[in-house]
Amino acid sequence: MVLVIGTGGAGLRAAIELAEAGVDVLAVGKRPKEDAHTALAAGGINAALATMDPEDSWQQHAADTLKESYLLADLRTVEIVTQGAARGIDDLDRYGMAFAREEDGRISQRFFGAHKYRRTAFAGDYTGLEIQRTLIRRAAQLDIPVLDGVYITRLLVHDGAVFGAYGFDLTNGKRYLIHADAVILAAGGHTRIWRRTSSRRDENTGDSFRLAVEAGARLRDAELVQFHPSGIIEPENAAGTLVSEAARGEGGILRNALGERFMSRYDPVRMELSTRDRVALASYTEIKEGRGTPNGGVWLDVSHLPRHTIMTRLPRVYQTLLDLQMLDITREPIEIAPTAHYSMGGVWVRPEDHSTDVRGLYAIGEASSGLHGANRLGGNSLIELLVFGRITGRAAAAYSQSLTAQPRSASAVAEARAEIDDLLVADGPENVRALQRAIRNTMTEHAGVVRDEEGLRAGLAELSVIEKRMADIGVHPDIAGYQDLAHTFDLKSAALAARATLESALERRETRGCHNRSDYPEPDPALRVNLVWSPTTGITRESMPAVPDEISALMEEVSTDGKLAE
9 MVLVIGTGGA
19 GLRAAIELAE
29 AGVDVLAVGK
39 RPKEDAHTAL
49 AAGGINAALA
59 TMDPEDSWQQ
69 HAADTLKESY
79 LLADLRTVEI
89 VTQGAARGID
99 DLDRYGMAFA
109 REEDGRISQR
119 FFGAHKYRRT
129 AFAGDYTGLE
139 IQRTLIRRAA
149 QLDIPVLDGV
159 YITRLLVHDG
169 AVFGAYGFDL
179 TNGKRYLIHA
189 DAVILAAGGH
199 TRIWRRTSSR
209 RDENTGDSFR
219 LAVEAGARLR
229 DAELVQFHPS
239 GIIEPENAAG
249 TLVSEAARGE
259 GGILRNALGE
269 RFMSRYDPVR
279 MELSTRDRVA
289 LASYTEIKEG
299 RGTPNGGVWL
309 DVSHLPRHTI
319 MTRLPRVYQT
329 LLDLQMLDIT
339 REPIEIAPTA
349 HYSMGGVWVR
359 PEDHSTDVRG
369 LYAIGEASSG
379 LHGANRLGGN
389 SLIELLVFGR
399 ITGRAAAAYS
409 QSLTAQPRSA
419 SAVAEARAEI
429 DDLLVADGPE
439 NVRALQRAIR
449 NTMTEHAGVV
459 RDEEGLRAGL
469 AELSVIEKRM
479 ADIGVHPDIA
489 GYQDLAHTFD
499 LKSAALAARA
509 TLESALERRE
519 TRGCHNRSDY
529 PEPDPALRVN
539 LVWSPTTGIT
549 RESMPAVPDE
559 ISALMEEVST
569 DGKLAE
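Here the numbering used here is used: the first residue of the sequence shown is 9, the next is one more, and so on.
Spelled out as structure tokens, the structure:
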């Protein structure tokens, strides 16, 4: 049996592949599968189908991906995803996904930022939600058991090989001891450790990072985090919720508190249609230099656009702001600020099958690393789920079927059980939620859009204090369930992810893509490496191979005339 942890797009696609291969599979997630993070993805999914532009090819898709990664993407990973992308779309089509189509039946494709050709397939502005629904339907057809509301606290390892996982039910606290031949980790990234994030509360708290590292795996490029330029600021419980970049694409204007259209200072040619990292840096700079709004943001104004345009092209943005702020965007500007959006680094994996340092353990989706480097190409994360969900599912099936026996460890199970037992009687003065907030404040202040050595060292000092305070927490499950216990494990994950991020950001003494070091404003050719982190070995550098001529020849500047660059 193979265990899949995480029931978003990556986890479900892997589970489907395992079931289709005739292997027993169990998928567990702490969130309801219908509300997994994948459902929030709006824009589209990339594949060089050439339905709109016959000149497109997987090589051009690879070239665009490598160029936008600032040459930190893993070459083999990029090749595998771009070559396998068309099959990923075919799989969704076979499962019955309702892609937007041309009149003659071809799958429609549109431009996305920094793509040379139209290669982004979509379903309205809810592509991720439609993918998630499609995969849930297929999993149900295959009778794949999916457990919602189960929190995995520890992977079970013996002699360098995984043999299962331990966890509890979020509602009644019932314990789960799951024996498995292989485990696929698909539990997301770590963007929730910042104060403003596009992730919802209690998701992307770094669970994948902690589970993998405690099992003996390593992390790669933890410092490379994509900040989206337009997250709302209020209300506090929804801070970071995205205002789609379509708002800028349709003609939205960015202004500071003085009313200045400030993008003319940072990218006078593309203005608001500039790249995601450039716009986020511009907004951050305006706020930092004292030209921000009362709540520490900037204004995004679409009120000059025709009401019909807003209601037909930006319906989700209109409804979101009305629901959350009672704000009518046809009349008033939106107060926004950069928000932590995507973990481009993650668990270290081999590109061929996404296996890790631990035998039988795999990581996929935002939990893994390799495809995105220092800047993620919009639309690539969804196709990555499909490609590696299939490949890793196959690899885990083969590994499971190759085992003639599986040694287990009673002491590993006892440790996992005792970890929860000890927390349930913890009655210290420290509040878990307050410590989570402290980590988010530290990361926002010292490891946000712009970093420097002094700030990163201050962040590490603050984190050390928080880690000491974590020894005195109180855990109090109540009549509503065991959420407080879950928050405690979220806190453990957040602390580990924060340390990996701060230490790696300190080591990357250059500015490259999403990683802006004010004390090292230029890229350093010697740092065209991946930084691999572990609490036992520290940081090591992983060199990058040369890009093949057939791909490097295609790495030209992509025209952005009239297109949103992402």
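Every residue gets a Cβ at the ideal spot worked out from N, C-alpha and C, and that includes glycine.
Thinking just about the alpha-carbon of each residue, which of Gln-91, Glu-110, His-198 and Asp-365 is nearest to the one in Leu-510? The shortest CA-to-CA distance from Leu-510 to any of Gln-91, Glu-110, His-198 and Asp-365 is the one to His-198.
When DSSP labels each residue in this structure, what does Ile-447 get in the three-state scheme? Correct three-state label for Ile-447: helix.
Between which two residues does the beta strand (DSSP E) harbouring Glu-244 extend? That residue, Glu-244, is in no beta strand (DSSP E); it is neither H nor E in DSSP.
Would you give the residue range spanned by the beta strand (DSSP E) that Ala-35 belongs to? Residues 33-37.
Reduced DSSP category for His-123 - H, G, I as helix; E, B as strand; rest coil: DSSP places His-123 in coil when its eight states are reduced to three.
Output yes or no for whether 8 Å exceeds the beta carbon distance between Val-421 and Leu-185. One thing to note: Val-421 has its Cβ within 8 Å of the Cβ of Leu-185.
For the segment 144-153 against the segment 452-464, are there 3 or more C-beta pairs whose distance is under 8 Å? Result no; under three Cβ-Cβ pairs closer than 8 Å.
What does the alpha-carbon distance come out to for the pair Glu-453 and Met-552? One alpha carbon belongs to Glu-453, the other to Met-552, and they sit about 31 Å apart.
Tell me the rounded alpha-carbon separation between Val-36 and Leu-11. About 8 Å.
Does Asp-167 come out as helix, strand or coil in the three-state DSSP assignment? In the structure shown, Asp-167 sits in coil (DSSP, three-state: anything other than H, G, I, E or B).
Let me know the secondary structure DSSP gives Phe-396 once reduced to three states. Looking at Phe-396 - three-state DSSP - the assignment turns out to be helix.
Beta-carbon proximity check, Asp-498 vs Gln-414, cutoff 8 Å: Taking C-beta atoms as the reference points, Asp-498 and Gln-414 fail to come closer than 8 Å.
What does Thr-205 pair with, by DSSP beta-bridge criteria? DSSP, once it has assigned bridges, lists Ala-348 as partnering Thr-205.
In terms of alpha-carbon separation, which member of Glu-25, Ala-122 and Glu-294 lies closest to Ala-71? The candidate whose alpha carbon is nearest that of Ala-71 is Ala-122.
Check whether Val-537 and Ile-547 have beta carbons under 8 Å apart: No.
Alpha carbon to alpha carbon, how far is Asp-210 from Arg-256? If I take the Cα positions, the gap works out to 29 Å.
Going by DSSP in three states, His-474 sits in which element: helix, strand or coil? In the sequence as displayed, the identity of residue 474 is Ile instead of His. In the structure shown, Ile-474 sits in a helix (DSSP, three-state: H, G or I).
Test item: CB-CB of Gly-168 and Val-366 under 8 Å: The answer is yes: Cβ separation under 8 Å.
Candidates Ile-447, Gly-175, Ile-240 and His-45: closest to Ile-576 by CA position: This structure leaves residue 576 out entirely; the chain is present only between 9 and 574.
For Asn-303, count neighbouring Cβ atoms within 10 angstroms of its own Cβ and tell me buried if that reaches 16, exposed if not. Exposed, since its Cβ has fewer than 16 Cβ neighbours within 10 Å.
Hey, how far is the Cα of Gly-175 from the Cα of Ala-220? Going from the Cα of Gly-175 to the Cα of Ala-220 covers about 15 Å.
What residue range is occupied by the uninterrupted beta strand (DSSP E) comprising Ser-65? Premise fails: Ser-65 is in no beta strand (DSSP E) and is neither H nor E.
Assigned exposure category for Glu-565 - 16 Cβ within 10 Å defines buried: Classification of Glu-565: exposed, given that the 10 Å Cβ count is below 16.
Given 8 Å, three or more beta-carbon pairs between the segment 294-314 and the segment 260-276: The segment 294-314, when compared against the segment 260-276, does touch it at the 8 Å Cβ threshold.
State yes or no: is the C-beta of Ala-18 within less than 8 Å of the C-beta of Gly-373? Yes, these two residues count as a Cβ contact at 8 Å.
Following the continuous beta strand (DSSP E) through Ile-24, name the residue where it begins and the one where it ends. For Ile-24, no beta strand (DSSP E) segment is defined; the enclosing uninterrupted segment is the alpha helix (DSSP H) at 17-28.
For Thr-179, the three-state DSSP class (helix, strand or coil): Looking at Thr-179 - three-state DSSP - the assignment turns out to be coil, as it is neither helix nor strand.
Same chain, Cβ closer than 6 Å to Arg-118, five either side skipped, listed in chain order: Scanning its chain for C-beta atoms nearer than 6 Å, with the 5 sequence neighbours on each side dropped, one finds around Arg-118 the residues Arg-126 and Thr-128, in chain order.
Quick check on this structure: which residue in Ala-247, Ala-405, Ala-479 and Val-277 has the alpha carbon closest to the alpha carbon of Val-440? When only C-alpha atoms are compared, the closest one is Ala-479.
Would you mind sorting Gln-409 into buried or exposed? The rule is 16 or more other CB atoms within 10 Å of its CB. Under this definition Gln-409 is an exposed residue.
Looking at the unbroken alpha helix (DSSP H) that takes in Asp-492, where does it start and where does it end? First-last of the alpha helix (DSSP H) with Asp-492: 491-515.
contact_flag[the segment 213-227, the segment 327-336] where n(CB pairs < 8 Å) is 3 or more: Taking 8 Å as the limit for Cβ pairs, the verdict is that the segment 327-336 does not touch the segment 213-227.
For Asn-383, the nearest candidate out of Arg-284, Arg-102 and Gly-104 (CA to CA): Of Arg-284, Arg-102 and Gly-104, the residue nearest in Cα terms is Arg-284.
Name the two residues that bound the continuous alpha helix (DSSP H) containing Gly-387. It is not in any alpha helix (DSSP H) - Gly-387 carries neither H nor E in the DSSP assignment.
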